[in-house]
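*Asks:* In our numbering, the protein residues as written are -6 to 442.
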C-alpha cells in the first residue's frame, strides 16, 4: 500500500509498507596478533631483508584480519597498510596512508594499530569488530551503483553488524606515499560522489516518514492518546488520502498521514516534540561508536504551525544518519530501551592482554514505556518495516529524492536486528527496499554471537 505524504507543495514523502521478511529471520569523515600477518592477495612478499615482524596492528572481522602490513624498504615509513576487500570494509576500517593520514578505526585505535605501538617498546595489537561478513556483503551488493548507506544494529547488544557506504573506495590505493598513491587520493577527493565520505555515520539527511514513529511515541507517552488505536482529531489537509481523516496512530503510521502527525505536533507543542526526539538520540553531538557520528538534528525553539507540521513529518530542519534511523527501530524492538551502538567488540594489545573498549557497553537506557514501544512496533505491521521517499527540493536532481527503509530482522537464534537503508538520487522506495531485503536474507543464516 502506497500513500503520498505532502506537507508543502515542494516536499513529498511516499510511504509504502511491504512484507519484507519472514516471521523468523537472522542476524544517507571519515591478522592475527601473534606474528607477521598473512599477506593479502594484493600484498607483496617480504624481500630477502625483511622488516621486523608485525609492524602494524590488524582490524578483525569474524576472526579474520581484513588489514595487513607490507614492508616498504624505507626506514622512515617501514610499512604500507594493505587491505583485504578494502572497498567492502572501508566504512568500517577507515584508511591509513603514509602520505594522507588516518581516519575511522585506524585513527581511533592508532595506539594499537599504528607503528607508534612498536616505538613504545611493545608490538601492535588487534581491534576486533562486531561486523557480520554476510550482512555486510549483502548491503554492499545491494548498494552497488547507488549512492547511499546501510546499517544493521543488534537490538539487544548495540553491536553494529553491518556498516556500508556507497560508493566506496579501496583505501589501499593511496596507502603509500608514491605518485601513484597521490593520484589515487586526488581522484577520490575530486569525485563528486564523495567515496571518502562515510555516509552511514557521517551524513545526516532528511528522514521523512521514518521520523513519524517518534511523533507517535510522543503522543502516547505524554497521554495525548491512550493507545495507537484511539481515533485522533485530525481533519484532512489538501492531498491527504480519505482514510487519514481522524485516523488512529496505527493507520497514520501505515499510510503516512501527514495531517495526523501535524496535528499531534500542534497539540503537544514544539518543546515536547523536541524532548522526545532527544530521548531517541537526536541532537547528540558526542555520539561515537567509537568513530564519531554526525549529529542527527531536531530543531528546538518556537516554530510556526507550518514549520511544526513539517518537522513532525521528518521534513524541514530534521536530519538523521542511517545509524540514527536504525536506532529508532531498535528502541521499538527492544521494548523501549536503547543501548549505545558499538563497532568494536574488544581490543587486544600486542602482549595479548585485552584492553577496555573505547565505547563501553553501558546499561540500557529507558526511552519509552515497554507498552508504548510494543504498540508502535505492532503498528508498523507484520513485516515490521517502514519505507519512505523524500522528494529533492524543486530544481534539484529533477524528480529524484531520497529513499529510506527501516526494518526489523531476526537472526537464526532469534535476536532482533534493526536495519536502516538510505539511497539518494532515486525516484521511489524500491532501491532502499531491495537493499534491506538482501540484508535480511543474509542475516537469516547468522547468529547474534
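Idealized CB from N, CA, C, for every residue including glycine. Every value quoted in this text rests on a predicted model; they were computed, and no experiment measured them.
So residue 79 and residue 164 are supposed to be a Cβ contact under 8 Å. How far apart are they, rounded?
*Replies:* Start at 1 with the first residue of the chain shown, and residue 79 comes out as number 86. Start at 1 with the first residue of the chain shown, and residue 164 comes out as number 171. That belief holds up - the Cβ atoms of residue 79 and residue 164 are roughly 5 Å apart, short of 8 Å.
*Asks:* Can you give the beta carbon distance from residue 144 to residue 337, rounded, assuming they're within the 8 Å contact cut?
*Replies:* The sequence position of residue 144 within the chain shown is 151, counting from 1. The sequence position of residue 337 within the chain shown is 344, counting from 1. Rounded, the Cβ-Cβ distance is 15 Å, inconsistent with contact.
*Asks:* Do you know how far the Cα of residue 318 is from the Cα of residue 312?
*Replies:* The residue labelled residue 312 in the question sits at position 319 within the chain shown. The residue labelled residue 318 in the question sits at position 325 within the chain shown. If I take the Cα positions, the gap works out to 10 Å.
*Asks:* Give me the Cβ distance between residue 167 and residue 90, rounded to the nearest whole Å; I'm assuming they're in contact under 8 Å.
*Replies:* Residue mapping note: residue 167 aligns to position 174 of the chain shown, counting from 1. Residue mapping note: residue 90 aligns to position 97 of the chain shown, counting from 1. Their Cβ separation, rounded to whole angstroms, is 5 Å, which keeps residue 167 and residue 90 in contact under 8 Å.
*Asks:* In terms of residue numbering, what span does the beta strand (DSSP E) encompassing residue 156 cover?
*Replies:* Against the chain shown, residue 156 aligns to sequence position 163. It spans 153 to 159 - the beta strand (DSSP E) in which residue 156 sits, taken as one unbroken run.
*Asks:* For the candidate residues 283, 74, 198, 247, whose alpha-carbon lies nearest to that of residue 142?
*Replies:* Here residue 142 corresponds to residue number 149 of the chain shown, with the count starting at 1. Ranking the options by Cα distance to residue 142, first place goes to 198.
*Asks:* Can you say whether residue 126 is buried or exposed, counting buried as having 16 or more other CB atoms within 10 angstroms of its CB?
*Replies:* Against the chain shown, residue 126 aligns to sequence position 133. With 16 or more other Cβ atoms within 10 Å, it is buried.
*Asks:* Let me confirm a value: residue 41 is counted as buried when at least 16 other C-beta atoms fall within 10 Å, else exposed. Which label applies?
*Replies:* If you number the chain shown from 1, residue 41 lands on position 48. Note that residue 41 has pLDDT 31, beneath the 50 cutoff, so the model's placement of it is unreliable and the number below is only indicative. Under this definition residue 41 is an exposed residue.
*Asks:* At which residues does the alpha helix (DSSP H) containing residue 260 begin and terminate?
*Replies:* Sequence index remark: in the chain shown, residue 260 carries index 267 (1-based). Per DSSP, residue 260 belongs to the alpha helix (DSSP H) from 251 to 261.
*Asks:* Cβ atoms of residue 235 and residue 314: under 9 Å apart, would you say?
*Replies:* For the purposes of this step, residue 314 is taken as the residue at position 321 of the chain shown. For the purposes of this step, residue 235 is taken as the residue at position 242 of the chain shown. Not a contact, by the Cβ cut-off of 9 Å.
*Asks:* Of the residues 426, 275, 346, which one's Cα is nearest the Cα of residue 292?
*Replies:* Translated into positions along the chain shown, residue 292 becomes position 299. When each option's Cα is compared against that of residue 292, the closest is 275.
*Asks:* So, residue 378 versus residue 397, is the Cβ gap smaller than 9 Å?
*Replies:* Position 385 of the chain shown holds residue 378. Position 404 of the chain shown holds residue 397. No. Outside cutoff.
*Asks:* Taking the alpha carbon of residue 443 as the reference point, which residue from 56, 57, 62 has its own alpha carbon closest?
*Replies:* With the chain covering only -6 through 442, there is no way to say anything about residue 443.
*Asks:* Grab me the residues of residue 332's own chain with a C-beta within less than 6 Å of its C-beta, minus the 5 sequence neighbours each way, in chain order.
*Replies:* Reading the chain shown from its first residue, position 339 is the one you call residue 332. Counting only Cβ-Cβ distances below 6 Å, and skipping sequence neighbours, we find 151, 357.
*Asks:* Classify residue 265 as helix, strand or coil using the three-state DSSP reduction.
*Replies:* Counting from 1 along the chain shown, the entry for residue 265 is found at position 272. Looking at residue 265 - three-state DSSP - the assignment turns out to be helix.
*Asks:* Going by the CB atoms, is the gap between residue 213 and residue 363 shorter than 9 Å?
*Replies:* As a position in the chain shown, residue 363 is number 370, starting the count at 1. As a position in the chain shown, residue 213 is number 220, starting the count at 1. Taking 9 Å as the Cβ cut-off, residue 363 and residue 213 do not qualify as a contacting pair.
*Asks:* Closer than 8 Å by C-beta to residue 92: which residues in its own chain qualify, once you throw out the five before and the five after it? Chain order, please.
*Replies:* Here the question's residue 92 lines up with position 99 in the chain shown. Answer for residue 92: 167, 169, 170, 174, 175, 178, listed in chain order.
*Asks:* What whole-angstrom Cβ distance do residue 306 and residue 251 have, given they're in contact under 8 Å?
*Replies:* Walking along the chain shown from the start, residue 306 turns up at place 313. Walking along the chain shown from the start, residue 251 turns up at place 258. With a Cβ gap of about 5 Å, residue 306 and residue 251 count as contacting.
*Asks:* Hey, could you find the ends of the alpha helix (DSSP H) residue 378 is sitting in?
*Replies:* As a position in the chain shown, residue 378 is number 385, starting the count at 1. First-last for residue 378: 378 to 384, but that is the beta strand (DSSP E), not the alpha helix (DSSP H).
*Asks:* Curious, which full-length alpha helix (DSSP H) runs of at least 4 residues does the segment 182 to 214 contain?
*Replies:* For the segment 182 to 214, whole alpha helix (DSSP H) runs of length 4 or above, ordered along the chain, are 192 to 195, 205 to 214.
*Asks:* Ends of the beta strand (DSSP E) at residue 400?
*Replies:* Looking up residue 400 in the chain shown gives position 407. Run containing residue 400: 394 to 403, per the beta strand (DSSP E) assignment.
*Asks:* Express the C-alpha separation of residue 72 and residue 359 in angstroms, rounding to a whole number.
*Replies:* Start at 1 with the first residue of the chain shown, and residue 359 comes out as number 366. Start at 1 with the first residue of the chain shown, and residue 72 comes out as number 79. About 47 Å.
*Asks:* Nearest to residue 395 by CA position, among 201, 270, 186, is which residue?
*Replies:* Stepping through the chain shown from its first residue, residue 395 is reached at position 402. Nearest of 201, 270, 186 to residue 395, Cα basis: 201.
*Asks:* Roughly how many whole angstroms lie between the Cα atoms of residue 74 and residue 285?
*Replies:* If you number the chain shown from 1, residue 74 lands on position 81. If you number the chain shown from 1, residue 285 lands on position 292. Their backbone Cα atoms lie some 22 Å apart in a straight line.
*Asks:* Look at the Cβ atom of residue 316, then the Cβ atom of residue 370, and state whether they are nearer than 9 Å.
*Replies:* Taking the first residue of the chain shown as position 1, residue 316 is located at position 323. Taking the first residue of the chain shown as position 1, residue 370 is located at position 377. The answer is no: Cβ separation not under 9 Å.
*Asks:* Considering Cα atoms alone, identify which of 418, 435, 204, 413 is closest to residue 511.
*Replies:* Because residue 511 is not part of the residues shown, which for the chain are -6 to 442, the question remains open.
*Asks:* What did DSSP end up calling residue 330 once you bin it into helix, strand or coil?
*Replies:* For the purposes of this step, residue 330 is identified with residue 337 of the chain shown, where counting begins at 1. Three-state result, residue 330: strand.
*Asks:* Buried or exposed for residue 409, going by 16 or more other Cβ atoms inside 10 Å?
*Replies:* Taking the first residue of the chain shown as position 1, residue 409 is located at position 416. With 16 or more Cβ atoms within 10 Å of its Cβ, residue 409 is classed as buried.
*Asks:* Per DSSP, what kind of secondary structure is residue 88 in: helix, strand or coil?
*Replies:* By 1-based counting over the chain shown, the position of residue 88 is 95. Coil, per DSSP.
*Asks:* Since residue 253 and residue 225 are thought to touch, with beta carbons under 8 Å apart, how far apart are those beta carbons, to the nearest angstrom?
*Replies:* Taking the first residue of the chain shown as 1, we reach residue 253 at position 260. Taking the first residue of the chain shown as 1, we reach residue 225 at position 232. Confirmed, about 5 Å.
*Asks:* Return the residue from the list 87, 116, 124 that minimises the CA-CA distance to residue 55.
*Replies:* As a working mapping, residue 55 is identified with position 62 in the chain shown. Comparing Cα-Cα distances from residue 55 to each of 87, 116, 124, the minimum goes to 124.
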